[in-house]
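Below is one structure, written out as structure tokens; comments come after it.
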Amino acid sequence: DTGVSQNPRHKITKRGQNVTFRCDPISEHNRLYWYRQTLGQGPEFLTYFQNEAQLEKSRLLSDRFSAERPKGSFSTLEIQRTEQGDSAMYLCASSLASGGPTDTQYFGPGTRLTVL
Amino acid sequence: GNSVTQMEGPVTLSEEAFLTINCTYTATGYPSLFWYVQYPGEGLQLLLKATKADDKGSNKGFEATYRKETTSFHLEKGSVQVSDSAVYFCALSGGYNKLIFGAGTRLAVHP
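Residue numbers (our numbering), protein chains in the order written: chain F, 1 to 116; chain Y, 1 to 111.
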């Protein structure tokens, strides 16, 4: 178990550029979540995958954001035409559906995006 | 909608002091409740959780009890250490088990 990994760890881009982040969940975890965390705030939910199916998207996820999880393994989060307000830490978490009242989400180290 | 409110920080304590970080929630149904911790330079880690009313979660000397009547999940530790300095997040589980977090409380413990 190597934990959840995210790449890159840091990304600096200019306004209007597209960026893509990758998340590799813990192997055999079938649930994957993306969150966004701005300075001084708690993480906010963006989207959720069960295997390869994207089952929920937050209204925070504008049309410029798209996420995929092909084959139910790694996931990518793309932001098109970045804006300064997109600057944040993007967190990925994974969990294994346990059939119990809730499963434990394990978080990656995050990708810090700075839009200049 | 579902939400979590935590006491604002920073909380500054001397080593071996008693810690309480307040957390209250608003939710439909019966969510699970969590405390996550973020140490400097590290990712979020689950500290403890409780899945139903009156459950007590505990780990590393920290405790929190799920109080349905007061919609609270306060974090306590009897004797803090410098190594406990971190940001603590209270959270609840919503639909599809997504987590809804509070704003976080920074704890600074000095010798």
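Just so it is clear, CB atoms sit at the ideal spot from N, CA and C, and this is done for glycine as well.
Practice prompt. Could you tell me which chain Y residues have their CB closer than 9 angstroms to the CB of serine 95 of chain F, listed as they occur along the chain?
Written response: For the purposes of this step, residue 95 of chain F is taken as the residue at position 95 of the first sequence. Those are Asn97, listed as they occur along chain Y.
Worksheet item: What is the DSSP secondary structure of serine 83 of chain Y, reduced to helix, strand or coil?
Response: Within the second sequence, residue 83 of chain Y is the residue found at index 83, counting from 1. Helix at serine 83 of chain Y.
Item to complete: Please name the residue or residues paired with valine 112 of chain Y in a DSSP beta bridge.
Response: Residue 112 of chain Y lies beyond the range of chain Y shown here (1 to 111); nothing can be said about it.
Fill in: Contact set between proline 70 of chain F and chain Y, taken where Cβ atoms lie within less than 8 angstroms
Taking the first sequence and counting its residues from 1, the one referred to as residue 70 of chain F is at position 70. Per Cβ cutoff of 8 angstroms: no residues; proline 70 of chain F is ~20 angstroms from chain Y at best.
Practice prompt. Pair every Cβ in the stretch 24-33 of chain Y with every Cβ in the stretch 86-106 of chain Y, then say whether three or more of these pairs are closer than 8 angstroms.
Written response: Per the Cβ contact rule, the stretch 24-33 of chain Y is in contact with the stretch 86-106 of chain Y (3 or more Cβ pairs under 8 angstroms).
Worksheet item: Would the C-beta of alanine 97 of chain F count as close to the ligand GTP, meaning under 8 angstroms from any of its heavy atoms?
Response: The ligand GTP is not part of the structure shown, which contains no ligands of any sort.
Worksheet item: For asparagine 22 of chain Y, which three-state DSSP category applies?
Response: On the second sequence, residue 22 of chain Y is found 22 positions in, with the first residue counted as 1. Collapsing the DSSP output to three states places asparagine 22 of chain Y in coil.
Practice prompt. Could you tell me which chain F residues have their CB closer than 7 angstroms to the CB of phenylalanine 73 of chain Y, listed as they occur along the chain?
Written response: Looking up residue 73 of chain Y in the second sequence gives position 73. Correct list: empty, because the minimum Cβ distance to chain F is about 14 angstroms.
Practice prompt. Mind reading off the beta-carbon distance from arginine 31 of chain F to aspartate 103 of chain F? Whole number of angstroms is fine, and I expect it under 8 angstroms.
Written response: Your numbering for residue 31 of chain F matches position 31 in the first sequence. Your numbering for residue 103 of chain F matches position 103 in the first sequence. At roughly 7 angstroms, the Cβ-Cβ gap stays under 8 angstroms, so arginine 31 of chain F and aspartate 103 of chain F are in contact.
Discussion item. Using only CA atoms, which one of Y:Thr105, Y:Gly78, Y:Ser72 and Y:Ala103 lies nearest to alanine 17 of chain Y?
Written reply: Residue 17 of chain Y sits at position 17 when you count from the first residue of the second sequence. For alanine 17 of chain Y, the closest alpha carbon among the candidates Y:Thr105, Y:Gly78, Y:Ser72 and Y:Ala103 is that of Y:Gly78.
Item to complete: Flag this pair as yes or no: are the beta carbons of tyrosine 90 of chain F and phenylalanine 45 of chain F separated by less than 9 angstroms?
Response: For the purposes of this step, residue 90 of chain F is identified with residue 90 of the first sequence, where counting begins at 1. For the purposes of this step, residue 45 of chain F is identified with residue 45 of the first sequence, where counting begins at 1. Not a contact, by the Cβ cut-off of 9 angstroms.
Fill in: Alpha-carbon spacing of alanine 93 of chain F relative to leucine 13 of chain Y, whole angstroms
One-based indexing of the first sequence puts residue 93 of chain F at position 93. One-based indexing of the second sequence puts residue 13 of chain Y at position 13. Answer to the nearest angstrom: the Cα atoms are 31 angstroms apart.
Item to complete: Consider the Cβ of threonine 102 of chain F: report whether some Cβ of chain Y lies at a distance smaller than 9 angstroms.
Response: As a first step, residue 102 of chain F is located in the first sequence; it is residue number 102 there, counting from the start. Proximity of threonine 102 of chain F to chain Y, defined by a Cβ-Cβ separation below 9 angstroms, is satisfied.
Discussion item. On a Cα-Cα basis, can you pick out the residue from Y:Val80, Y:Asp84 and Y:Glu76 that is closest to methionine 7 of chain Y?
Written reply: As a first step, residue 7 of chain Y must be located in the second sequence, where it is residue number 7. Among Y:Val80, Y:Asp84 and Y:Glu76, the Cα nearest to that of methionine 7 of chain Y is on Y:Glu76.
Item to complete: Please list the partners that proline 109 of chain F has in chain Y, where partner means a Cβ-to-Cβ separation under 7 angstroms.
Response: Numbered from 1 along the first sequence, position 109 holds the residue referred to as residue 109 of chain F. Within chain Y, the residues near proline 109 of chain F are Gly43.
Worksheet item: Taking the continuous beta strand (DSSP E) assigned at glutamate 15 of chain Y, which residues delimit it?
Response: As a first step, residue 15 of chain Y is located in the second sequence; it is residue number 15 there, counting from the start. No beta strand (DSSP E) holds glutamate 15 of chain Y; DSSP gives it neither H nor E.
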